[in-house]
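Letter 231 of the sequence shown, counting from 1, is numbered 390 in the working numbering, and no numbers are missing.
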Amino acid sequence: MAINGVGHNYDYLGTTTNYIRGEATVREAISKMVKQSANLSISDAGRNMLREMASKFEPDSDYTNVRELTIQNTNEVAWEHYTAMRDISSLTLKDRNYNVEDVMKSIMDTYETRYNEIVKEHENGDREVSYELTGKKSLTLDEDLAGLDEAFKMRLANLEGYITCQQTNKAFENADSSWYFRRNSPQNEVKTQDKAQMFDTKYQKTAVSIMEQAKEKFLVAFKSINYKQGTATSILSDIMKKC
160 MAINGVGHNY DYLGTTTNYI RGEATVREAI SKMVKQSANL SISDAGRNML REMASKFEPD
220 SDYTNVRELT IQNTNEVAWE HYTAMRDISS LTLKDRNYNV EDVMKSIMDT YETRYNEIVK
280 EHENGDREVS YELTGKKSLT LDEDLAGLDE AFKMRLANLE GYITCQQTNK AFENADSSWY
340 FRRNSPQNEV KTQDKAQMFD TKYQKTAVSI MEQAKEKFLV AFKSINYKQG TATSILSDIM
400 KKC
């Protein structure tokens, strides 16, 4: 009987879980478990204790719906532009046969391409979109470009990650790579100091700063009458030559 009782308990727990996942509250699920149990004998005091415990898990009146919270923290406009930029870059950056400069130029080029596409789509007014979370809505040009701005920042984060990977590969490309794991040892402090500089974030910050400068200069050039496609990468190249 004891084994059967345990088996039934698991069945009742399963029933409770299903009710919790549905619309029933924890209180209702436990109440159903108690009423339907044929092998369990629970006193009135026990029932009251269960109800008291269940009440602690019931949502407060000001409970925020998880979906609403997700919507508030998700910028679907930025994500649309980010994936578009990433997809365009994948056409030019192939077979891992590229370096940091190539990645920077690709990001700048895709930003310019996407910028032109957005402006063109708004020639006749707002852009109608339909997203998974926020549904259908109209986007003004400013809202669209603000989303592109956020997407650009996300791509710069990708750039930082790429540089870090390159630095890591360089640090471990020789037989003495074990220095990294011994770098905090006092006797190895002088020996590993120069190598540890490979992980200095100054390089990442410089690359990001160059990209931000190029973007600002592009936005100015875009408004001029002499603007033509490809200006963004030309601006980037000029800045890199001066660094």
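Where a beta carbon is used, it is the ideal one built from N, C-alpha and C, also for glycine. For clarity, every value in this text was computed on a predicted model and none was experimentally measured.
DSSP state of Y386 mapped onto helix, strand, coil: To locate residue 386, count along the sequence shown from 1; it is residue 227. Y386: coil per DSSP, three-state reduction.
Please confirm whether Q363 and E319 have their CB atoms less than 7 Å apart. As a first step, residue 363 must be located in the sequence shown, where it is residue number 204. As a first step, residue 319 must be located in the sequence shown, where it is residue number 160. Their beta carbons are under 7 Å apart, which means Q363 touches E319 by this criterion.
Please go through the same chain and pick out, in chain order, the residues whose beta-carbon is closer than 6 Å to the beta-carbon of S248, but skip the five residues on each side of it. Taking the sequence shown and counting its residues from 1, the one referred to as residue 248 is at position 89. Here S248 has S265, T269 as same chain residues with Cβ atoms under 6 Å from its own Cβ, once five neighbours each way along the sequence are excluded.
Which runs of the alpha helix (DSSP H), 4 residues or longer, sit entirely within the segment 359–385? Listed in chain order, they are 361–381.
Which residues share a DSSP beta bridge with L298? Residue 298 sits at position 139 when you count from the first residue of the sequence shown. Beta-bridge partners assigned by DSSP to L298: R286.
Thinking C-beta only, is I369 closer than 7 Å to I322? Within the sequence shown, residue 322 is the residue found at index 163, counting from 1. Within the sequence shown, residue 369 is the residue found at index 210, counting from 1. Not in contact: I322 and I369 (Cβ atoms no closer than 7 Å).
Buried or exposed: which applies to D301, given that a residue is buried once 16 or more other Cβ atoms fall within 10 Å of its Cβ? Here residue 301 is taken as the residue at index 142 of the sequence shown, counted from 1. D301 comes out exposed.
Please say whether A237 and G294 have beta carbons closer to each other than 7 Å? Residue numbering aside, residue 294 sits at position 135 when the sequence shown is read from its first letter. Residue numbering aside, residue 237 sits at position 78 when the sequence shown is read from its first letter. In this structure, A237 does not lie closer than 7 Å to G294 by Cβ.
Count the other C-beta atoms from every protein chain shown that fall within 10 angstroms of the C-beta of V262, then say buried if there are 16 or more, exposed otherwise. Counting from one through the sequence shown, the residue named residue 262 turns up at place 103. Per the 10 Å Cβ criterion, buried.
On a Cα-Cα basis, can you pick out the residue from K387, M208, T233 that is closest to E309? The residue labelled residue 309 in the question sits at position 150 within the sequence shown. Checked all of K387, M208, T233; the closest Cα to E309 is T233.
Do M267 and L378 have their CB atoms nearer than 7 Å? For this step, residue 267 is matched to residue 108 along the sequence shown. For this step, residue 378 is matched to residue 219 along the sequence shown. No; because the gap between Cβ atoms is not below 7 Å, this pair is not in contact.
Could you check where the alpha helix (DSSP H) with D254 kicks off and where it finishes? Numbered from its first residue, the sequence shown carries residue 254 at position 95. Segment: none, D254 is in no alpha helix (DSSP H) and carries neither H nor E.
Continuous alpha helix (DSSP H) stretch holding E291: start and end: Numbered from its first residue, the sequence shown carries residue 291 at position 132. Counting along the chain, E291 falls outside any alpha helix (DSSP H), and DSSP gives it neither H nor E.
Apply the 10 Å Cβ neighbour rule to Q352 and answer buried if 16 or more other Cβ atoms are within range, or exposed otherwise. Position 193 of the sequence shown, counted from the start, is the residue given in the question as residue 352. Confidence at Q352 is low in this model, with a pLDDT of 47, below 50, so its placement is unreliable and the value that follows should be read with caution. Taking all protein chains shown into account, Q352 has fewer than 16 neighbouring C-beta atoms within 10 Å of its C-beta and is therefore exposed.
Contact set for T240: own chain, Cβ-Cβ below 6 Å, skip 5 residues either direction: The residue labelled residue 240 in the question sits at position 81 within the sequence shown. Before going on, a small fix: residue 240 reads as His here, not Thr. Excluding residues up to 5 positions away in sequence, R273, G306, L307, A310 lie with their Cβ nearer than 6 Å to the Cβ of H240 in the same chain.
Kindly give me the distance between the Cβ atoms of K279 and V288, rounded to whole angstroms, as I take these residues to be in contact under 8 Å. Mapped onto the sequence shown, residue 279 falls at position 120. Mapped onto the sequence shown, residue 288 falls at position 129. 15 Å between Cβ atoms; not a contact.
Considering only their Cβ atoms, is the gap separating A380 from E271 smaller than 7 Å? Within the sequence shown, numbered from 1, the residue matching residue 271 stands at position 112. Within the sequence shown, numbered from 1, the residue matching residue 380 stands at position 221. In this structure, E271 lies away from A380, with their beta-carbon atoms at least 7 Å apart.
Would you grab the beta carbon distance between V367 and Q325 for me? Rounded to a whole angstrom, and I think it's under 8 Å. Position 208 of the sequence shown, counted from the first residue, corresponds to residue 367. Position 166 of the sequence shown, counted from the first residue, corresponds to residue 325. About 15 Å; that fails the 8 Å criterion.
Buried or exposed, going by whether 16 or more other CB atoms sit within 10 Å of the CB of M208? The residue given as residue 208 occupies position 49 in the sequence shown. With fewer than 16 Cβ atoms within 10 Å of its Cβ, M208 is classed as exposed.
Which whole-angstrom value is the C-beta distance of I277 and L315, which I expect to be below 8 Å? The residue you call residue 277 lines up with position 118 of the sequence shown. The residue you call residue 315 lines up with position 156 of the sequence shown. So it is not a contact: roughly 19 Å between Cβ atoms.
What separation, rounded to the nearest whole angstrom, lies between the Cα atoms of K376 and N328? For the purposes of this step, residue 376 is taken as residue 217 along the sequence shown, with counting starting at 1. For the purposes of this step, residue 328 is taken as residue 169 along the sequence shown, with counting starting at 1. Computed Cα separation, rounded: 33 Å.
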